[in-house]
Each structure stands twice: as structure tokens, then as C-alpha cells.
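Since the structure comes first, as C-alpha cells, the remarks are kept for the end.
In our numbering, the protein residues as written are 49 to 338.
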């Protein structure tokens with residue numbers, strides 16, 4: 049027998065599609081017989097000209113970590129640009145659009161927000177830094193991205209405190225608990241990290257997520273879990289959009305405004321146009337957009 053490294057590049061929430069339509073197949077082996085077996089397994093993809101990268105096992109393993117670490121760093125970079133935009137009044141949406149038009153950069157993963165999370169990026173960035181350390185190398189760039197990603201959640205709480213002041217006994221509505229849309233996964237979710245920070249400040253939390261509430265109840269049973277977005281807004285001092293669910297893009301903002309104690313909308317996923325929200329009477333703040 050032989051050992052082959054064949055890393056997967058499946059996105060959570062899109063795994064079946066990604067398996068059927070991969071952008072690459074990576075096979076790490078030094079055994080021609082093992083390579084032939086793997087090529088036969090992937091023959092249907094080979095016939096439609098899916099790129100195959102054949103290399104040794106060490107390189108194949110590092111390809112997987114390098115891809116995820118780069119994407120995590122790219123997310124962190126645009127978040128850092130967004131934070132600078134908040135300081136100078138620039139619009140990160142326009143900056144990301146212009147950057148994405150550069151063929152060397154591409155628009156993917158240029159969406160600022162409360163930081164990356166989930167089961168892959170945090171784990172793989174930590175693992176790559178640790179592996180580099182074992183090998184006698186300090187991965188300063190990736191360490192910086194990890195640190196900045198942790199700080200990003202704290203900065204989101206600072207945004208809330210800027211509008212509400214002392215958070216003790218304040219009620220904050222949170223829309224979204226999963227680390228991203230189309231999943232119930234709350235592992236390393238920015239929304240969960242933000243909620244924990246708010247609870248430490250003495251805030252009360254009302255929340256809603258289309259899929260992730262059952263998982264959240266297991267670790268945070270004392271939150272007020274609501275039936276929908278509007279119940280979440282009811283009597284809240286501010287409403288925070290923490291996950292980019294599509295259904296959160298089409299809220300009846302006038303109804304939301306009526307339900308809130310004060311018309312404060314913290315859009316941590318930049319789902320709404322700031323000018324439109326303000327024209328409806330909201331005190332609005334996004335990430336890198338005001």
C-alpha cells in the first residue's frame with residue numbers, strides 16, 4: 049500500500065457543488081501506481097479538463113494550508129482597510145470594488161465585516177503558524193492576521209459602545225449567529241464572539257438566526273431567542289447585523305425602526321446602503337461605511 053495526500057477544498061454550505069465542480073485536484077504522491085489509481089478515481093473530472101496538480105505529499109499538504117491562510121489574510125486585509133476608512137471617511141465598498149477589478153487581485157473575499165470564523169480558517173492559520181514555529185520559522189504575516197482578526201471583534205463591540213455608551217442593562221438585537229450564511233455552524237463565529245463580549249459588558253441579548261439557534265442554545269442558553277428579525281428588534285436599544293443571511297438584506301426598515309427603542313442600526317456585513325438607511329431616520333454604521 050501507499051499513502052497519498054489528496055486535500056479537499058470544499059466550502060461549507062457548498063460542498064456538493066464544489067466536489068462536482070472543483071477548480072483543481074491536488075494529488076501528493078511519489079508512487080506512480082498510487083497516482084494512476086487516483087487519476088482513475090477522478091477520471092470524470094479529468095475528462096472535463098479540471099486542472100490536476102501532481103506533487104509530493106509534503107507539498108500537497110502545504111497547498112491546503114497555504115490556500116486557507118491566504119484567504120484568511122485577504123479577509124483581514126480588507127477589514128483593516130475598512131477600519132482605516134472609518135477614520136478618514138472613505139468608503140470601503142468602493143475601494144474593494146476598484147481593487148477587485150484588478151485581475152491580479154479579484155473581488156473574491158474582499159468583503160469587510162466582523163472577521164473570519166468557522167471550522168477551517170482559524171484552525172488552519174493557527175496550525176500553519178505552529179508548524180512554522182516547529183520548523184524554526186516565525187510566520188510574522190500570518191501571526192499579524194490572526195491578531196488583527198481577534199481585534200476585529202473587539203472593534204465591532206467598540207462601534208456598539210460608541211452609539212450606546214455604557215452597555216450595562218442595554219438590550220441589543222443580534223441578527224445572525226452562524227459564522228456565515230447557509231449553515232448552522234457557530235464554531236469560531238464572529239457573532240458568538242461579539243455576543244460574549246457584549247455579555248461581559250452587562251448587555252442583554254435578543255437574537256435570531258434561520259439555522260443556528262439550536263446550536264447556540266447549547267453554549268449560550270440565557271439569551272432571548274426570537275422567532276424572526278422583527279421580534280429581535282422589538283424593544284432593543286440597537287440592532288446589529290452579524291451574519292450575511294440573504295433574508296436580512298430585505299428587511300422592512302420602517303417597521304424595524306418602529307420596533308426599536310432607538311433607531312440604531314449597526315450593519316456589520318454592509319448589507320444596506322448607508323444613505324438609504326439614514327434617509328429613513330436610522331443612525332447607521334457599517335464596517336468602513338457611514
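The beta-carbon is built from N, C-alpha and C at its ideal position, and this holds for glycine as well.
Item: Distance check for residue 203 and residue 145, CA to CA, integer angstroms please.; Value: 23 angstroms
Item: Given a cut-off of 7 angstroms on the beta-carbon distance, is the pair residue 336 and residue 134 in contact?; Value: yes
Item: Only counting the same chain, and skipping five residues up and downstream in sequence, which positions put a Cβ closer than 7 angstroms to that of residue 82?; Value: 50, 52
Item: Taking the DSSP output, what are the residues bridged to residue 219?; Value: 252
Item: Identify whether residue 100 lies in helix, strand or coil by the three-state DSSP scheme.; Value: strand
Item: Identify whether residue 313 lies in helix, strand or coil by the three-state DSSP scheme.; Value: strand
Item: Indicate the three-state DSSP secondary structure (helix, strand or coil) for residue 273 in the structure shown.; Value: strand
Item: Just how far apart, CA to CA, sit residue 330 and residue 263?; Value: 32 angstroms
Item: Residue 77: buried (16+ other C-beta within 10 angstroms of its C-beta) or exposed?; Value: buried
Item: Would residue 173 pass as a contact of residue 153 if the rule is Cβ separation under 7 angstroms?; Value: no
Item: Would you tell me roughly how many angstroms separate the C-alpha atoms of residue 63 and residue 231, rounded to the nearest one?; Value: 11 angstroms
Item: Is DSSP giving residue 205 helix, strand or coil here?; Value: helix
Item: Assuming residue 73 is part of the beta strand (DSSP E), what are its boundary residues?; Value: 73-76
Item: Return helix, strand or coil for residue 287, following the three-state DSSP convention.; Value: strand
Item: Can you say whether residue 6 is buried or exposed, counting buried as having 16 or more other CB atoms within 10 angstroms of its CB?; Value: Residue 6 lies beyond the stretch modelled for the chain, which goes from 49 to 338, so this question has no answer here.
Item: By how many angstroms is the C-alpha of residue 287 removed from the C-alpha of residue 277?; Value: 9 angstroms
Item: Could you tell me whether any Cβ in chain B is nearer than 7 angstroms to the Cβ of residue 68?; Value: Absent from the structure: chain B. Only one protein chain is present.
Item: What did DSSP end up calling residue 126 once you bin it into helix, strand or coil?; Value: helix
Item: For the putative contact between residue 100 and residue 75, defined by C-beta atoms under 8 angstroms, what is the C-beta separation to the nearest angstrom?; Value: 7 angstroms
Item: Distance check for residue 96 and residue 179, CA to CA, integer angstroms please.; Value: 36 angstroms
Item: Within 10 angstroms of its Cβ, does residue 213 collect 16 or more other Cβ (buried), or is it exposed?; Value: exposed
Item: Taking the alpha-carbon positions, what's the residue 332 to residue 274 distance?; Value: 23 angstroms
Item: Let's see if you can read the secondary structure: which residues bound the beta strand (DSSP E) around residue 234?; Value: Taken as a continuous stretch (DSSP letters only), residue 234 belongs to no beta strand (DSSP E), as it is neither H nor E.
Item: Determine the direct distance from the alpha carbon of residue 282 to that of residue 249, and round the result to whole angstroms.; Value: 21 angstroms
Item: Where do the N-terminal and C-terminal ends of the alpha helix (DSSP H) with residue 164 fall, by residue?; Value: Note, residue 164: premise wrong, no alpha helix (DSSP H); not H, not E.
Item: State yes or no: is the C-beta of residue 239 within less than 7 angstroms of the C-beta of residue 215?; Value: no
Item: Buried or exposed for residue 160, going by 16 or more other Cβ atoms inside 10 Å?; Value: buried
Item: I need the straight-line Cα distance from residue 113 to residue 176, nearest angstrom please.; Value: 7 angstroms
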